[in-house]
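Notes for the one structure printed next.
Residue numbers (our numbering): 1325 to 1729.
What follows is the structure, encoded as structure tokens:
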């Protein structure tokens, strides 16, 4: 007598709902990393890390491939650096650094798992994007509309843009730029009309709402690099029309703004003189140069989490006071700079590994990712979740492409 044996698995619907809810909460808070909801006064929040961990815990059956596991080693590398190359004191500075590296790994893994299980959350992300734009527009009339839930700085300075749901205008611009880049990655840089319109609104908002000179430079650098590998008659015409309209409108709409004043000052006194005189630009340029120079001074070994203040002071003297703003800083305001200075050669190897993983062998991908890494040398918060999201999408696309071959 033949017997058939079957194994039945009872799926708890509550666990599925909890997993999805945790995932949605993670995505929601990851795109609102500056919003404290009145619970504290810090300008960046821990909610993406907490909900990301909860989502990963409820996704315990997910199997990770070797690439994903290699990226998960980042917090362990940070602990090694703390133990061997930093003061062996788990103070606020060390804890903040290790949590920041942990947040990168959690955000990368959680977003990867969510997209694989539930697909890319277009509606949620675009809705949050629109919310940012609405808040930014309202802030031009009601400046303190979100002051109870977001710790802002720099908005009261004459000529600066609005902050949206971030802590300062530059971060608002950075968010809009990289969420647009995320859209492009997801659509293989071939967005449909609706997403193209969303990206256009983001670019317009960067110029006219955030008025961020830093992110304006992002756009100036990004357009030719993205176009050079995608030259077509339609794109050239569209780009020409957009640039022509922008050139005509910017002097009128941005009259008296900091962005236009900086452009005029650069023409009058030169770029180097402007860097020396403008405190904000001076600090941002210093935070690109100092970590790289410090990496060299440390003989390419990790600088750890406590030595940057002394390095900052030394290099300020070394450059004869040219970089005269932000002396004594304990934070590195450069995404790449954090990895290079704090983790030394370990951080450099990790970044090279990431760059290698997100390649697909095409010249287009090489140019797109090179642009990304160039921009990451600027004042982008190391804990910003959208950056590991971009890395995750690139790797997911590579895996899908390999599976289809």
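All C-beta atoms, glycine included, are put in the ideal place defined by N, C-alpha and C.
C-beta contact flag for residue i and residue j at 8 Å
| i | j | result |
| --- | --- | --- |
| residue 1610 | residue 1647 | yes |
| residue 1351 | residue 1433 | no |
| residue 1523 | residue 1504 | yes |
| residue 1506 | residue 1681 | no |
| residue 1697 | residue 1679 | yes |
| residue 1388 | residue 1402 | no |
| residue 1710 | residue 1542 | no |
| residue 1534 | residue 1496 | yes |
| residue 1628 | residue 1348 | no |
| residue 1394 | residue 1457 | no |
| residue 1658 | residue 1694 | no |
| residue 1616 | residue 1664 | yes |
| residue 1625 | residue 1674 | no |
| residue 1391 | residue 1656 | no |
| residue 1356 | residue 1498 | no |
| residue 1713 | residue 1353 | no |
| residue 1477 | residue 1582 | no |
| residue 1635 | residue 1614 | yes |
Which listed residue (the options) has its alpha carbon closest to that of residue i
| i | options | result |
| --- | --- | --- |
| residue 1724 | 1684, 1451, 1406 | 1684 |
| residue 1473 | 1406, 1459, 1388 | 1459 |
| residue 1361 | 1490, 1402, 1704 | 1490 |
| residue 1444 | 1356, 1510, 1659, 1568 | 1510 |
| residue 1396 | 1550, 1430, 1417 | 1430 |
| residue 1544 | 1688, 1567, 1625, 1494 | 1567 |
| residue 1427 | 1439, 1694, 1521, 1399 | 1399 |
| residue 1464 | 1450, 1454, 1488 | 1488 |
| residue 1661 | 1638, 1705, 1691, 1689 | 1705 |
| residue 1686 | 1554, 1615, 1525 | 1554 |
| residue 1552 | 1585, 1513, 1587, 1532 | 1513 |
| residue 1455 | 1500, 1421, 1440 | 1500 |
| residue 1692 | 1671, 1546, 1376 | 1546 |
| residue 1531 | 1476, 1587, 1667 | 1587 |
| residue 1493 | 1677, 1676, 1604, 1667 | 1604 |
| residue 1666 | 1466, 1631, 1677, 1640 | 1631 |
| residue 1516 | 1582, 1446, 1462 | 1446 |
| residue 1525 | 1415, 1572, 1461, 1722 | 1461 |
| residue 1550 | 1690, 1707, 1378 | 1690 |
| residue 1584 | 1636, 1540, 1475 | 1540 |
| residue 1438 | 1676, 1569, 1594, 1376 | 1376 |
| residue 1721 | 1508, 1471, 1367, 1469 | 1508 |
| residue 1518 | 1676, 1421, 1450, 1367 | 1450 |
| residue 1469 | 1359, 1420, 1520 | 1359 |
| residue 1316 | 1471, 1572, 1416 | The chain is shown only over 1325 to 1729; residue 1316 falls outside these bounds and no answer can be derived. |
| residue 1366 | 1564, 1638, 1572, 1420 | 1420 |
Residues that residue i bridges to, as DSSP identifies them
| i | result |
| --- | --- |
| residue 1743 | Outside the shown range of the chain (1325 to 1729) lies residue 1743, about which nothing can therefore be said. |
Residue i CB to nearest heavy atom of the ligand HEM below 7 Å
| i | result |
| --- | --- |
| residue 1545 | Ligands in the displayed structure: none, and consequently the ligand HEM is not present. |
Practice task
Could you tell me whether the stretch 1341-1348 touches the stretch 1372-1391, using the rule of 3 or more Cβ pairs below 8 Å?
Solution key: By the Cβ criterion, the stretch 1341-1348 is in contact with the stretch 1372-1391, since at least three pairs of Cβ atoms, one from each stretch, lie closer than 8 Å.
Problem - Stretch pair the stretch 1596-1610 + the stretch 1634-1647: three plus CB contacts closer than 8 Å - result: Remark: three or more beta-carbon pairs, one from each stretch, lie closer than 8 Å, so the stretch 1596-1610 and the stretch 1634-1647 are flagged as touching.
Exercise for the section: Evaluate contact between the stretch 1356-1375 and the stretch 1409-1416, counting only Cβ atoms and requiring at least three cross-stretch pairs below 8 Å. Expected result: Short answer: they don't touch.
Handout entry: Complete alpha helix (DSSP H) runs within the stretch 1498-1571 (minimum length 4 residues, chain order)
Key = As summarised for the stretch 1498-1571, the continuous alpha helix (DSSP H) elements at least 4 residues long and confined to that stretch are 1517-1529, 1537-1552, given in chain order.
Exercise for the section: Counting only runs of 4+ residues fully inside the stretch 1409-1450, write out the alpha helix (DSSP H) ranges in chain order. Expected result: Those alpha helix (DSSP H) runs which fall completely within the stretch 1409-1450 and span 4+ residues are 1416-1442.
Problem - Given 8 Å, three or more beta-carbon pairs between the stretch 1613-1622 and the stretch 1593-1604 - result: No contact exists between the stretch 1613-1622 and the stretch 1593-1604.
Exercise for the section: Counting only runs of 3+ residues fully inside the stretch 1599-1633, write out the beta strand (DSSP E) ranges in chain order. Expected result: The qualifying runs do not exist here; there are none.
Practice task
Report the residue ranges of all beta strand (DSSP E) runs contained in full by the stretch 1639-1725; include only those spanning at least 3 residues, in chain order.
Solution key: Listed in chain order, nothing qualifies, since the stretch 1639-1725 has no complete beta strand (DSSP E) run of 3 or more residues.
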